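In our numbering, the protein residues as written are 1 to 205.
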Amino acid sequence: MIEAVIVDLGNVLAFHDNVKLFSELAALYRTTPERLRERLEGTGTWERANRGQLQGDALRLALAEVLGHAPEPDAFVRAWSCHFALNPPMVRHLERLVGKARLVLLSNTHDLHVAYPRPLLPVLERFDGLVLSCDVGLIKPEPAIYARALELARVPAHRAVFFDDVEAYVEGARRAGLHAHVFKDAAQVPAQLAALGLPHLLEPD
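The following block contains the structure:
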């Protein structure tokens, strides 16, 4: 019997439009989306941000060093989180799971990327734990980050299921012993849980 449901944030609970993100940020930094992406990924800045090594305004300044221009802090915060949109059907699923299964959020993310959608997702306050890469210094698909999520869920790996939109992170969860699905649509989740023996969990009380 599955006792815990572990979910990603981006493109599961909240959609993120990376085309919009890179377009808005590139305009602020007076560069192109392609060069911005290259600077974020090629210099390791993206990974450092996810590991919590560039918290808050430190990310804006790190990008300024490699791009040669520093936008205003408030403008950066707005652009950095401009690309989120909630996924209401998945949010409703998790609201129905409260009290029926252990719930844990597991996300590769930056602290400012958590700060924006969190007030819009009050269900997170009812989760049993949040494993945020920027807090723990670990990133998916490293085995230790799945272990941290299981610690908070207080279940062995075979009693947990994980939903993420990235195949590599789902494979990492499977290597750690969890049941795992590549998230594509909230409409698929009830059947996926039912296949694990949980047909009742998403039924309204």
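Note that beta-carbon positions come from the ideal geometry of N, C-alpha and C, so glycine has one too. None of the values given here were measured: they were computed from a predicted structure.
Continuous alpha helix (DSSP H) stretch holding residue i: start and end
i, result
"H93", "88 to 97"
"I145", "143 to 153"
"D57", "57 to 67"
"V114", "111 to 115"
"A75", "73 to 80"
"R126", "Counting along the chain, R126 falls outside any alpha helix (DSSP H), and DSSP gives it neither H nor E."
"R39", "33 to 42"
"P190", "189 to 195"
"R48", "45 to 50"
Residues that residue i bridges to, as DSSP identifies them
i, result
"D164", "V182"
"A85", "F15"
Residue from the options whose Cα sits closest to the Cα of residue i
i, options, result
"E142", "A153, V123, R159, R174", "R174"
"G177", "V189, L63, T43, A157", "A157"
"T109", "A144, V170, I139", "I139"
"R78", "R35, V155, R37, P117", "P117"
"R30", "Y146, E41, R159, A70", "A70"
"F22", "V12, Q188, F76, A153", "F76"
"L13", "S81, E47, C82, L121", "L121"
"D135", "H113, E38, T45", "H113"
"H16", "R154, N87, A144, A160", "N87"
Same chain only: Cβ atoms within 7 Å of residue i, ignoring 5 sequence neighbours per side
i, result
"E151", "none"
Spatial neighbours of residue i in its chain, beta-carbon cut-off 8 Å, leaving aside the 5 residues before and after
i, result
"P73", "D57, R60"
"E198", "Note that residue 198 is Leu in the sequence shown, not Glu. M1, I2, A101, listed in sequence order."
"A115", "S81"
Residue interval of the beta strand (DSSP E) (run including residue i)
i, result
"R102", "102 to 107"
"L130", "129 to 132"
"A14", "14 to 16"
"A4", "4 to 7"
Sequence-distant residues of its chain with Cβ nearer than 6 Å to residue i (five each side left out)
i, result
"Q192", "H181"
"E95", "V123"
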